[in-house]
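Top to bottom, those sequences are chains R, G, P and X.
Note that the working numbering gives residue 155 to position 168 of the first sequence, counting from 1, and the numbers run on in steps of one.
Note that the working numbering gives residue 161 to position 174 of the second sequence, counting from 1, and the numbers run on in steps of one.
Just so we're on the same page, the working numbering is the position in the third sequence counted from 1, plus 16.
Just so we're on the same page, the working numbering is the position in the fourth sequence counted from 1, plus 16.
Cβ coordinates follow ideal geometry from the N, Cα and C atoms, glycine included.
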Amino acid sequence: MVEAADYQCDFENKWCPGCGNFGIVNAMKDALAALDLPAEKVLLVSGIGQAAKTPHFLKCNFFHGLHGRALAVATGAKIANHDISVLVNMGDGDCYGEGGNHFLAAIRRNIDITLLVHDNRVYGLTKGQASPTSDRGFVTRIQAEGARSDPMNPVALALSQGAGFVARGYCGSTDQLGDLIRQGLEYPGFSLIDILQVCVSFNHVNTYDWYRERAFDINENGHQPGDLQAAMKYAYPEGDRIPTGLIYRKETVPFTQRIRRLNAGPLLGQEYDRQRVQSLIRDA
Amino acid sequence: MVEAADYQCDFENKWCPGCGNFGIVNAMKDALAALDLPAEKVLLVSGIGQAAKTPHFLKCNFFHGLHGRALAVATGAKIANHDISVLVNMGDGDCYGEGGNHFLAAIRRNIDITLLVHDNRVYGLTKGQASPTSDRGFVTRIQAEGARSDPMNPVALALSQGAGFVARGYCGSTDQLGDLIRQGLEYPGFSLIDILQVCVSFNHVNTYDWYRERAFDINENGHQPGDLQAAMKYAYPEGDRIPTGLIYRKETVPFTQRIRRLNAGPLLGQEYDRQRVQSLIRDA
Amino acid sequence: MGIDVTVKIGGEAGQGIQTVGELLAQACHQSGLYLMAVNDFESRIRGGHSFMQLRISDRPIRAPDHRVHLLIALNEWTLQTHRSEVTQGGRVIFDSEAGGSDELILPVPVTKLARKAGGRIMANTVAAGACLSMLGAPVKTLEQVLRQRFGDKKAEVLENNLNAAKSGVEAVAGVPFDWAFQWPDRAPAGKLLSGARVLALGALAAQCRFAAFYPMSPATDVMVNLSEFEAQLPLVVEQAEGEIAAVNMVIGASFAGVRAMTATSGGGFALMSEGLGLAGITETPIVLINSQRPGPATGLPTRTAQADLRFMLHAAQDDFPRFILAPGSLEAAFETMVRAFELADKYQVPVIVTTDQYFNDSLAIVDKALELPEGIDRHIVGDADMDDPAAYKRFAFTDSGVSPRALPCSGKALVMASGNEHQEDGHISERISDRIGQMDKRQCKLEGMQKEVRVPETVYPDGRVLLVGWGSTSGMIRESVEMLRAWGVDAGAVCFTDIWPFPEAEVTEILDHCRRFYMVEQNATAQLGWLIRERTGRKFAQAVLKYDGRPFFPREIADKVKAYEEVS
Amino acid sequence: MGIDVTVKIGGEAGQGIQTVGELLAQACHQSGLYLMAVNDFESRIRGGHSFMQLRISDRPIRAPDHRVHLLIALNEWTLQTHRSEVTQGGRVIFDSEAGGSDELILPVPVTKLARKAGGRIMANTVAAGACLSMLGAPVKTLEQVLRQRFGDKKAEVLENNLNAAKSGVEAVAGVPFDWAFQWPDRAPAGKLLSGARVLALGALAAQCRFAAFYPMSPATDVMVNLSEFEAQLPLVVEQAEGEIAAVNMVIGASFAGVRAMTATSGGGFALMSEGLGLAGITETPIVLINSQRPGPATGLPTRTAQADLRFMLHAAQDDFPRFILAPGSLEAAFETMVRAFELADKYQVPVIVTTDQYFNDSLAIVDKALELPEGIDRHIVGDADMDDPAAYKRFAFTDSGVSPRALPCSGKALVMASGNEHQEDGHISERISDRIGQMDKRQCKLEGMQKEVRVPETVYPDGRVLLVGWGSTSGMIRESVEMLRAWGVDAGAVCFTDIWPFPEAEVTEILDHCRRFYMVEQNATAQLGWLIRERTGRKFAQAVLKYDGRPFFPREIADKVKAYEEVS
Ligand SMILES: Cc1ncc(C[n+]2csc(CCOP(=O)(O)OP(=O)(O)O)c2C)c(N)n1
Ligand SMILES: Cc1ncc(C[n+]2csc(CCOP(=O)(O)OP(=O)(O)O)c2C)c(N)n1
Ligand code: SF4
Ligand code: SF4
Ligand SMILES: [Mg+2]
Ligand SMILES: [Mg+2]
């Protein structure tokens, strides 16, 4: 039996006290334990930013790469060895800003990884610039007149492009979040969990109090994740209420199953027939 | 009075005979003439690809840049001089593949440019690989098992992110297309016109015949561009029918109006008060 | 002198120039001849002007010739542009119904004959027939090739093509041609391959299992060739959403344990440069082919250059070790790919293999058998190799700088990697000791790497003057040296394959033997020349540079060097 | 000897180290002293360990000192880590309620006093008060600074801070301190600015109207400083969706007619490299600041390095002209920015201005008035300057390589630009004559550009040994030379500001005067050293290299050179 504590890591944490990321790490551990997934079966991949430091704070295999590029790394790793569970931690700037194009491509590939976006609506590690999910008008040191772009809606985007598993979590609701992550890991295909994450140092608008007043659980309220139209509605906050939970889920064919060759097992493990290669080259 | 013929250019055209791009160029000329826009008022920006060669085939000011990056160049140019009309020509690979992230950002900025995507569902200039809009299963020389990713739906994406002007044109319906381009140019804000474009050399699936059977004009059929829900429905082909026309339009605040400074006129033309700068620097 | 004849076929893109070329090439190959076919085409799909230059010989050849013996002009433009290149006794077959042959031009109604044989599309076959007939080839040669090519099509197709070929042959029957030659009837020598295909085969031989790419000329064909084997081998070739994605996917796949590569050209390489550094600091083995074309930026997309050398050498912020290998022949390219994957794994570094459009798109005979390496060492450890897997440190300090590499999710040993500076176990660290330790660890691999580096190949190394180049131009340089020697210039050649780590001592020694050395490069600034100066202090006398996007002819190199020699 | 005292304030990120440092710096500045404040912090927002090192003097200073005279330890870690740096007669103020002062350590209950004065947050002010009091500063100095800083806040805030300061002052009242000094009461010398701010002011002075960026340490602060002026001037600063977008926006804005720039660091620069080539081939003037930090890849994000020199020089495929300028002081940086925009416009090329984290994040006194250039020449033509605007050719061949530049949409002249190779009017072309013509046109600008290049600054150019460096380390190198001379080594310094085009002749001459030269660089391979070898054939004797992410101290340079000298 894998326990959450097995993922306990004694490397010094580098986040601010009170940061919403702590809740996310706990939820991840819970989910991994719930699925009885040992570290040997799990690969964490991340970009660059506060969110992207996450893998350092769990005891696991990980690859902490470049700002914006985690999904590409994760895709390569998953294709190479599709027997392992691949979890990706990215910030909102990381995933929807620098990495926006890979986000689109991951949805289209339906690559079987679980993407956790620590969506704090701000660039944390670089000290508080507006992010793609910051509201228009969000004031920062460098956006004195407020952010000029409209915010991206990642949930709506994913739904519009046919994503099969789309959820919105909240760092303050660890149980719900842990359960969403578990479901995401179980889902065969690309799963997006956009996580409302509080940044106590740079986002003084979207605080714990702010979310507490707004976030509500749609599944508890009877939402059926198979209902695309309702999902599209829940993609957008309604007035002051922010829907959280599993917004949409449908059956899909994950990417590695779309590659005929991989039906024979993970690429890494497949036998390489020297004779066959030699004769193919001879006849080429 | 500006006439379409004013944009006639004697630089040798480099497209294949029968290419859908010819219809697009004609529609562009018609639209520019309809708006009485002289070349002095228009800047064409493009990426790299067959579509991106378009500016060479009109007599106009242009910047033919890098694969995928036209929207960024156009944004910079528009901010520098928002008095001019900026038209962008990109291919589907160009805009939704390499340039996908800039496409997202352009929608969020609502930058006042008109984007024409020559969507031939294939990489033309590089000889026929699958593009982001190719159907899954689309067979090419390098995708022998067929494209593995699901196609992107740019219209749905734009709508999901709050774009204010979203249209789908067809290279074979030049009048309709010309009118859409005209409306796009008139629209204050970002306008997307995804153009179903036939590539006679590399796409033998989505041909003139194929489109002729499927494309239909939703505006003729009574669709009101203000209706977001209907628009979302029209974003997706319904069975074998592909909706074309002005799918959605709403009032928005274009990007350059969101920058307080630019209310005083184009950046390029504003006076630079030497005294003031000197004293600002002295006091800094 | 044996056979040495060049045929040039020119026309519009879409007219099937390449098909004519391929038919001729196959015919030559079947007859046991050697050949080299160089492609010249514009960045468009139809129209414009393109041609293929096919050099035929009874000995191996490694360079195109500037002289044209037989020009096949499928349009007026070709005739006008290239007629002056036709050498003494040469002829032009010109697609025309006008008639009126003269000493040079022989009008043949190619298109008309094709239509008669079943359709315009057969024009290529008509042209090939006429051409082979002029060259004195036995009719059966082309027949054989057509049977191979169209054997599995409808019977009618083959029939029509055979007729088309015959009508081409007949159209020039009895026309005298000085350069016709006696066709051998030997078994084919080696294999007829393009550079792109050889690179792909080399990757296969090295057990490459994953390749990601974004289409970009002239690199795409490497991937096209590789993808052909996807169904038959444990191999996945994935088209990425851009070059940045491609290189990061390759890093991910390699980190997870399979040999992985990408291929691109200038602009794509630029986009990959951040990823190159990531492979550097995470010590992830990757192989990256950069097939060069002229820039800056989009430049001339379908043409050739050797102008990214310094960029490849210095791409990405800060210092880290890498290999740069530039094969000079098809045979070398196959082996270079095998070496590239081996070196990447052994030193846990990125390896750049660089070629160019001329190299990738040209066809030639590979004379050496393409043999798989004896065995492949992945240089990987597992739990069983460790005293205590729980204590495994991916970036442990070692004397060689190379740390034992375990794969993630392959045992109890946790594999942790970061693009930030890190401590031995892979966790990020800003400690001075970790920083210096890891930098030194990475940099000190260069010592071992230096020993792997091959000395440039030389011919006539004792020559008074040496011609120095790198990569694909090796063939032209060698042939130009022969010309120079024939003209009485005591010349030799130095052709670099391994460029980085730089073979300092060896190159210094070679260069110290000559009176003067000349750089021969397809760029505007003699990039290798300055690198030689940097690393050896030795300075080239002059540089023969070509940067118009077209490959060198041996003769133009020889001419320039001779001119320089005359004034020096 | 005059005043030369270093205060080091250390604690956790988020404790307000920078605030203490700024208060002290302002106090010194107000009193007419000179200073330099260097920031050292980790890539995190709270916790960990960071410090600011403030050197105070009555003469201009341009480098940090390795000796610490007064250490303010806001936590135990600081005390343990830095106590050994405290020099003879120095003291440590340690935030502790424990009491028990000894010769070195003076416990002061900083946090407790702050709480008393109104809150923990005031700890910075308490510390500043204690520190200034130890140094012998008149009380009114800090009072003044606090009034300036909090004058427009609520009265209570100012009140509390004044009380906090007072309690700090009182806490150390009467404590003897060897390094206390007589505070002058002079008018402030120059202006107190950070490197990032000076770069921004320089851009303003050059009439930069558009800047696009993607946040990246240590470049972000340039943009933060620039954006401050957005409301007051015709200036737009836009956060882009990534570095690729940033550089392309800048190209678009510049093409459309305004002066435009971006600022980034290593990884971002890598992503911009394709765009750099686009600026190159389209001859669009852009200014790009690359503020370096250690790599490879993400490396050490908040630390300093000079390790991208060769990358900047060779970034992007194929050859094209560019400038690389590396200012060595704040004054130079202001002027360099003005020059950068001027040179970009004049030669229609990209100009890279390079600094580093040490440079951007340090505060110092700028002694020279920051004056706007007399006038600004945009080197732009309009219809009125042309005989026939309809015949305008953006890329017309000229002797200088610079073609008259018109702006698009500014008249009848059509401006057409392409990242593909092109003919004179800007339309794409694959013709050999256009290719060679345009390449030669671009490359021949280097002749004019070469004349703009400034010779490296030298001190004691006749020294037997020369220390050679570039950019931000100029201050440390100069000071180390003084030390060496004081120790009897006949040393001089050569500090490069303009690196490319390379001042070949001048550097050769300078270097030929000395017996030996040593490179002093913040990278692992002596990047400038090898460039010097490449361009002059002269080779450095040894290199003093530091690549741990921390800036040089003059003393460590001097020590190493002395050691080399002793064995040579
Ligand atoms: C190519 C590149 N550009 C910029 C950066 C600088 N950078 C580091 S983290 C970050 C953004 C952080 O924001 P986000 O992704 O939202 O993560 P958070 O810190 O908020 O969790 C940026 C821009 C970088 N490391 N690499
Ligand atoms: C950075 C970079 N990557 C790749 C290429 C090669 N390339 C040129 S055009 C093109 C795609 C063409 O497809 P699309 O954008 O759909 O335009 P089309 O030719 O179909 O109109 C590609 C990949 C390039 N020029 N630059
Ligand atoms: S800056 Fe914000 S996101 Fe980063 S660790 Fe601190 S609270 Fe968390
Ligand atoms: S390849 Fe296709 S898109 Fe390109 S010009 Fe030809 S038909 Fe048009
Ligand atoms: Mg964030
Ligand atoms: Mg296309």
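Checklist entry - In terms of alpha-carbon separation, which member of M328/P, C425/P and D456/P lies closest to H438/P? => result Minimum Cα distance to H438/P is reached at D456/P.
Item to check | Complete runs of the alpha helix (DSSP H) confined to the stretch 48 to 84 of chain X [at least 4 residues] | outcome: With a minimum length of 4 residues, no continuous alpha helix (DSSP H) run stays inside the stretch 48 to 84 of chain X.
Next on the checklist: Taking 9 Å as the threshold (beta carbon to beta carbon), is Q150/X in contact with chain P?
Outcome noted: The question names Gln, but residue 150/X in the sequence shown is Met. Not one chain P Cβ lies under 9 Å of M150/X.
Next on the checklist: With a threshold of 8 Å (Cβ to nearest heavy atom), would V109/R be considered close to ligand 5?
Outcome noted: yes
Item to check | Span of the beta strand (DSSP E) around M535/P | outcome: DSSP places M535/P inside the beta strand (DSSP E), whose first and last residues are R532 to E537.
Item to check | S160/R burial status per 10 Å Cβ neighbour count (16 or more: buried) | outcome: The residue is buried, with at least 16 neighbouring Cβ atoms inside 10 Å.
Checklist entry - Going along the stretch 288 to 307 of chain P in order, which residues come within less than 8 Å of chain G, judged by CB to CB distance? => result none
Checklist entry - Between which two residues does the beta strand (DSSP E) containing C44/P stretch? => result Note, C44/P: premise wrong, no beta strand (DSSP E); alpha helix (DSSP H) at I33 to Q46.
Checklist entry - How would you call P192/X, buried or exposed, if buried means at least 16 neighbouring beta carbons within 10 angstroms? => result exposed
Checklist entry - Which residue comes first and which comes last in the alpha helix (DSSP H) that contains V238/X? => result T236 to S243
Checklist entry - Taking C-beta to C-beta, are L158/P and A130/P nearer than 9 Å? => result no
Checklist entry - Does L547/X have its Cβ less than 9 Å from a Cβ in chain P? => result yes
Checklist entry - Does DSSP classify P389/X as helix, strand or coil? => result coil
Checklist entry - Are the Cβ atoms of A291/G and A349/X separated by less than 9 Å? => result Past the edges of chain G, shown from -12 to 271, lies residue 291/G, and the structure says nothing about it.
Checklist entry - Excluding five sequence neighbours on each side, which residues of the same chain lie with their C-beta closer than 7 Å to the C-beta of V29/G? => result L19, C47, N48, I71, S72 and L74
Item to check | chain G within 9 Å of A247/P, Cβ atoms only | outcome: Taking 9 Å as the CB threshold, A247/P lines the interface with chain G.
Checklist entry - What three-state label does DSSP hand Q116/G in the structure shown? => result strand
Item to check | E186/X classed as buried or exposed, judged by whether at least 16 other C-beta atoms fall within 10 angstroms | outcome: exposed
Checklist entry - To the nearest whole angstrom, what separates the beta carbons of Q116/G and P231/P, a pair I think is in contact under 8 Å? => result Their Cβ separation, rounded to whole angstroms, is 5 Å, which keeps Q116/G and P231/P in contact under 8 Å.
Checklist entry - Can you tell which of E463/X, A507/X and T489/X has the C-alpha that lies nearest to the C-alpha of P477/X? => result A507/X
Next on the checklist: Suppose only complete runs of 3+ residues qualify. What are the beta strand (DSSP E) ranges in the stretch 189 to 233 of chain R, listed by chain order?
Outcome noted: Whole beta strand (DSSP E) segments, 3+ residues: 202 to 204.
Next on the checklist: With a threshold of 8 Å on Cβ separation, who are the neighbours of P125/P within its own chain once the five nearest residues in sequence on each side are excluded?
Outcome noted: D111, S112, E113 and A187
Checklist entry - Based on the DSSP output, what are the partners of Q255/P in its beta bridges? => result BP columns for Q255/P point to F229/P.
Next on the checklist: Rounded to whole angstroms, what is the Cα-Cα separation between N206/R and Y174/R?
Outcome noted: 17 Å
Item to check | With 16 other Cβ atoms within 10 Å as the buried cut-off, status of D166/G | outcome: buried
Checklist entry - Does the stretch 457 to 476 of chain P come within contact of the stretch 508 to 519 of chain P, defined as at least 3 CB pairs closer than 8 Å? => result yes
Next on the checklist: Taking 9 Å as the threshold (C-beta atoms), are T314/X and S434/P in contact?
Outcome noted: Yes. Within cutoff.
Checklist entry - Beta carbon of H105/G: closer than 8 Å to some heavy atom of ligand 2? => result yes
Checklist entry - Does the distance from the CB of C82/R to the CB of F44/R come in under 9 Å? => result no
Checklist entry - With distances taken from CA atoms, which of N0/R, V60/R and Y(-6)/R is nearest A92/R? => result V60/R
Next on the checklist: With a threshold of 9 Å between beta-carbons, can H330/X be considered close to chain P, or not?
Outcome noted: yes
Next on the checklist: Taking beta-carbon pairs under 8 Å, can you tell me which members of the stretch 233 to 250 of chain G lie near chain R?
Outcome noted: F242, R245, I246 and R247
Next on the checklist: Please tell me whether P42/R has its Cβ less than 9 Å away from any Cβ of chain G.
Outcome noted: no
Next on the checklist: Does the beta-carbon of D79/G, which I'm using as the reference point, lie nearer than 8 Å to any heavy atom of ligand 6?
Outcome noted: yes
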